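S.K.: The sequence shown: position 1 = 114 (the working numbering), numbered continuously.
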Amino acid sequence: MAKRPPIVVIMGSVDHGKTTLLDYIRKANVAAKEAGGITQSVGAYEIAHNGQKITFIDTPGHEAFSKMKSRGANIADIAILVVATDDSVQPQTKEAIKIIKESETPMIVAINKIDKVANTEPVKNDLMQAGVMLEGYGGDITNQPISAKTGDGVNELLDLILLTADMENLEYDPEAPASGFVLESKLDRRRGIVTTVILKNGTLKQGDEINVGAHAGKAKILENFLGENVKSLIPSAPAIIMGFETLPNVGAEFYVGKSTASQEKTRLENKPATLTPEKEGTVRLVLKADVSGSLEALSQIIKNLPIKPKQKLEIVSEGVGDITDGDIKHAMSTKAIVIGFRTRTIPAAATLARAQGIRVVESEIIYDLIKTVQETLASLDKKAPKGKLEILAIFSKKGTKQVIGGKVTEGQILNNAILEAERGGVVIGSGKIVNLQQSKRDVKTVEAGLECGLIFDCEKEIKVGDVLMNY
Numbered sequence: 114m115a116k117r118p119p120i121v122v123i124m125g126s127v128d129h130g131k132t133t134l135l136d137y138i139r140k141a142n143v144a145a146k147e148a149g150g151i152t153q154s155v156g157a158y159e160i161a162h163n164g165q166k167i168t169f170i171d172t173p174g175h176e177a178f179s180k181m182k183s184r185g186a187n188i189a190d191i192a193i194l195v196v197a198t199d200d201s202v203q204p205q206t207k208e209a210i211k212i213i214k215e216s217e218t219p220m221i222v223a224i225n226k227i228d229k230v231a232n233t234e235p236v237k238n239d240l241m242q243a244g245v246m247l248e249g250y251g252g253d254i255t256n257q258p259i260s261a262k263t264g265d266g267v268n269e270l271l272d273l274i275l276l277t278a279d280m281e282n283l284e285y286d287p288e289a290p291a292s293g294f295v296l297e298s299k300l301d302r303r304r305g306i307v308t309t310v311i312l313k314n315g316t317l318k319q320g321d322e323i324n325v326g327a328h329a330g331k332a333k334i335l336e337n338f339l340g341e342n343v344k345s346l347i348p349s350a351p352a353i354i355m356g357f358e359t360l361p362n363v364g365a366e367f368y369v370g371k372s373t374a375s376q377e378k379t380r381l382e383n384k385p386a387t388l389t390p391e392k393e394g395t396v397r398l399v400l401k402a403d404v405s406g407s408l409e410a411l412s413q414i415i416k417n418l419p420i421k422p423k424q425k426l427e428i429v430s431e432g433v434g435d436i437t438d439g440d441i442k443h444a445m446s447t448k449a450i451v452i453g454f455r456t457r458t459i460p461a462a463a464t465l466a467r468a469q470g471i472r473v474v475e476s477e478i479i480y481d482l483i484k485t486v487q488e489t490l491a492s493l494d495k496k497a498p499k500g501k502l503e504i505l506a507i508f509s510k511k512g513t514k515q516v517i518g519g520k521v522t523e524g525q526i527l528n529n530a531i532l533e534a535e536r537g538g539v540v541i542g543s544g545k546i547v548n549l550q551q552s553k554r555d556v557k558t559v560e561a562g563l564e565c566g567l568i569f570d571c572e573k574e575i576k577v578g579d580v581l582m583n584y
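#1: Mind checking which residues open and close the beta strand (DSSP E) that includes A506?
#2: Can you tell which of E215, N314 and V516 has the C-alpha that lies nearest to the C-alpha of P119?
#3: What residue range is occupied by the uninterrupted beta strand (DSSP E) comprising E269?
#4: For D481, which beta-bridge partners are listed by DSSP?
#5: How would you write the range of the beta strand (DSSP E) that A462 sits in, first residue to last?
#6: Any chance the region 241-252 sits against the region 278-296, with 3 or more Cβ pairs inside 8 Å?
#7: Taking buried to mean at least 16 other C-beta atoms within 10 Å of its own C-beta, is N417 buried or exposed?
#8: So, with DSSP's three-state summary, where would you put A534?
#9: If distances are taken between C-alpha atoms only, which option among K116, D481, G519 and S349 comes closest to I507?
#10: Would you grab the beta carbon distance between I526 and A534 for me? Rounded to a whole angstrom, and I think it's under 8 Å.
#11: Residue range of the alpha helix (DSSP H) that N238 falls in?
#12: Would you mind sorting T489 into buried or exposed? The rule is 16 or more other CB atoms within 10 Å of its CB.
#13: Helix, strand or coil, according to DSSP, for K140 in the structure here?
#14: Can the beta-carbon of T277 be found closer than 8 Å to that of I191?
#15: Using the Cα positions of S509 and Q515, report the straight-line distance between them to the nearest angstrom.
#16: Whole beta strand (DSSP E) runs in the region 391-464 with 3 or more residues, listed along the chain?
#17: Mapping the DSSP letters down to three states, classify S345 as helix, strand or coil.
#18: If we call anything under 8 Å between Cβ atoms a contact, is V521 one with E574?
#19: Spell out the partners DSSP gives K116 in its beta bridges.
#20: In the DSSP assignment, find the unbroken alpha helix (DSSP H) run with T592 in it and report its ends.
#21: What are the partner residues of V580, as DSSP defines its beta bridges?
#22: Please return the same chain residues whose Cβ sits closer than 8 Å to the Cβ of T132, not counting the five positions on each side in sequence.
#23: According to DSSP, is V122 part of a helix, a strand, or is it coil?
#24: Measuring only the C-alpha atoms, how far is G434 from R139?
#25: Once the 5 residues before and after I568 are set aside, which same chain residues still bring their CB inside 6 Å of it?
#26: Under a three-way DSSP split, which group does L360 fall into?
Structure below.
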């Protein structure tokens, strides 16, 4: 047996300094010429501190990390919980604490932003109340005050990581077939399927046959975290592999060797559910994302959304890469909405979507997409509109008021009415008609089939093609 470096994950609440800490550690402990080779998409990198290696992994979010843990994928050896002195324990902090405890991963607390607020006692008290039993307060969890901005205390934090790793007695068998976990998997237009793995045991060699559940491939190209071609890698190194024919699941365990009967069981368990018959009042989704980690995070959040009795939500397909005409055709056949997280829609797919009236919603921010799904679900509870106005022209805008022209397609529209604005079937806001005209004359109502002009007071900017609904 041989000693292996620790694998460390950094967790905590938004804006508490996780990314700043990772950036500082990387820049301070990786040679400048090498640091330029590290990309955000790798998701893992090695540093050297006092002559010893440490591997850091960058999780795609609490949801995805939690899913990895729920599969029993004990990827990290040590978890760093980052808590800011100016914000203390937040709901996301508590969520991270829960995940770390459930995974039974050794924890070190990094109390960050001491350059802004030097007093760490309030944070320590809040952590104790959240169940984190710190050293010096009757517990055994170590903590280190730091400033990820200035670097104060960061070297001491790295010392604590190495000390904890020594206590954990991390070892591997150099002669064993390589095994570990999938960190990331994506489809690269130029190189094909690119998979990032983290080694936990054995020696991974170029040309090895690799199995991940139902997915198999050969390490035709093997790179280190800097993107350099290598012949072999040992734990706890991140490895970039090219050679899979299909995208392996993030968080899944990989091993080198021939497939066994147990993999057939995994394949059957991971087989996508067949599409249920079309039902009225169901929101169906086609999910696409840039990489599989992003896709799993998006999918898991959507699956965990609270659903009311009259609301039904169904994910009809999931995939990695650009939104293609195949995705649009799938959405056409299932009457689904296409949701893209950090993706782009190829021109042919965009043209087909416009022609067929398929909604495609893309965003770089995951919670904007979640909001779209929630608003679409909420629309299932609504009664039939009393009036519907399609926007044909925008004449002017001043502040929150817009002068617009449209046609009443259903029912009637009333002056001074409160209307909801919808775009692509999704409510984007609401506003009030402050003036309603027909043939340049003020009117109280406009009936179906007639065109009109109006001044609409709304926080959201209205665009041609939007629909105003009077409920």
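We put the beta carbon where it would ideally sit given N, CA and C, even for glycine.
In this text, all values refer to a predicted model and were calculated from it rather than measured experimentally.
M.R.: Taking the coordinates as given:
#1: Position 393 of the sequence shown, counted from the first residue, corresponds to residue 506. Note, A506: beta strand (DSSP E), G500 to K511.
#2: As a first step, residue 119 is located in the sequence shown; it is residue number 6 there, counting from the start. Considering only alpha carbons, the answer is N314.
#3: Along the sequence shown, read from residue 1 onward, the residue named residue 269 stands at position 156. Premise fails: E269 lies in the alpha helix (DSSP H), V267 to E281, not in any beta strand (DSSP E).
#4: For the purposes of this step, residue 481 is taken as residue 368 along the sequence shown, with counting starting at 1. In the DSSP output, where bridge partners are listed per residue, D481 has none listed.
#5: As a working note, residue 462 is residue 349 in the sequence shown. Here A462 belongs to no beta strand (DSSP E); instead the alpha helix (DSSP H) covers P460 to Q469.
#6: no
#7: The residue given as residue 417 occupies position 304 in the sequence shown. It counts as exposed.
#8: As a position in the sequence shown, residue 534 is number 421, starting the count at 1. In the structure shown, A534 sits in a strand (DSSP, three-state: E or B).
#9: Numbered from its first residue, the sequence shown carries residue 507 at position 394. Nearest of K116, D481, G519 and S349 to I507, Cα basis: G519.
#10: For this step, residue 526 is matched to residue 413 along the sequence shown. For this step, residue 534 is matched to residue 421 along the sequence shown. About 13 Å separates the beta carbon of I526 from that of A534, a gap too long to meet the 8 Å contact definition.
#11: Here residue 238 corresponds to residue number 125 of the sequence shown, with the count starting at 1. E234 to Q242 is the extent of the alpha helix (DSSP H) around N238.
#12: Reading the sequence shown from its first residue, position 376 is the one you call residue 489. Classification of T489: buried, given that the 10 Å Cβ count is 16 or more.
#13: Locating residue 140 in the sequence shown gives position 27, counting from the first residue. Helix at K140.
#14: Position 164 of the sequence shown, counted from the start, is the residue given in the question as residue 277. Position 78 of the sequence shown, counted from the start, is the residue given in the question as residue 191. Cβ atoms of T277 and I191: closer than 8 Å.
#15: As a working mapping, residue 509 is identified with position 396 in the sequence shown. As a working mapping, residue 515 is identified with position 402 in the sequence shown. Taking the straight line from one Cα to the other gives about 6 Å.
#16: 395-402, 425-433 and 449-454
#17: Reading the sequence shown from its first residue, position 232 is the one you call residue 345. Strand.
#18: Position 408 of the sequence shown, counted from the first residue, corresponds to residue 521. Position 461 of the sequence shown, counted from the first residue, corresponds to residue 574. Result no, Cβ atoms of V521 and E574 do not sit closer than 8 Å.
#19: Looking up residue 116 in the sequence shown gives position 3. For K116, the pairing in a beta bridge is given by DSSP as E284.
#20: Since the first and last residues shown for the chain are 114 and 584, residue 592 lies out of range.
#21: Locating residue 580 in the sequence shown gives position 467, counting from the first residue. Its beta-bridge partners are E503 and E535.
#22: Reading the sequence shown from its first residue, position 19 is the one you call residue 132. Result list for T132: empty, nothing under 8 Å.
#23: Here residue 122 refers to the residue found at position 9 when the sequence shown is read from its first residue. In this structure, V122 counts as strand in the three-state DSSP scheme.
#24: Position 321 of the sequence shown, counting from 1, holds the residue named residue 434. Position 26 of the sequence shown, counting from 1, holds the residue named residue 139. Between G434 and R139, the C-alpha separation is close to 28 Å.
#25: Counting from 1 along the sequence shown, the entry for residue 568 is found at position 455. Once the five neighbours on either side are set aside, the close Cβ partners of I568 are K514, V516, V547 and N548.
#26: Translated into the one-based positions of the sequence shown, residue 360 becomes position 247. Taken through DSSP and simplified to helix, strand or coil, L360 comes out as coil.
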